[in-house]
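Quick notes on the structure that follows.
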Amino acid sequence: MTSRLAWYKSSFSGSEGGACVEVARAPGAVHVRDSKDPAGPALAFTGEAWTAFVAFVADNTGTPGRVIGRSRFVPSA
């Protein structure tokens with residue numbers, strides 16, 4: 082099913098394609114995969130779990146002293 086999803090990558094990841102993740106929204110789930118391996122496995126999260134994760138990252142409370150960029154894609158609840 083993940084092959085039919087519309088995948089998005091952050092505009093902050095640049096054109097080299099390095100260590101990036103891609104995100105796709107589907108009814109009842111948000112899928113996340115490694116951009117270097119689009120045919121590989123993808124993780125699926127509920128919209129609620131994804132929203133909580135994005136809020137956690139946006140609050141920058143993950144790693145002291147490390148600045149984490151903010152995601153521009155937040156699914157509607």
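Using the numbering used here, you'd call the opening residue of the sequence shown number 82 and step up by one each time. We put the CB at the ideal spot given by N, CA and C, even for glycine. Quantities reported herein were computed from a predicted structural model and do not represent experimental measurements.
- R114 is bridged by DSSP to E103 and A123.
- About 5 Å separates the beta carbons of F126 and V111, which is inside the 8 Å limit, making them a contact pair.
- Looking at Y89, G109 and A107, the one whose alpha-carbon comes closest to that of C101 is Y89.
- Between R106 and A123, the gap from beta carbon to beta carbon reaches 9 Å or more.
- For the pair R114 and E129, the CB atoms are not nearer than the 9 Å cut-off.
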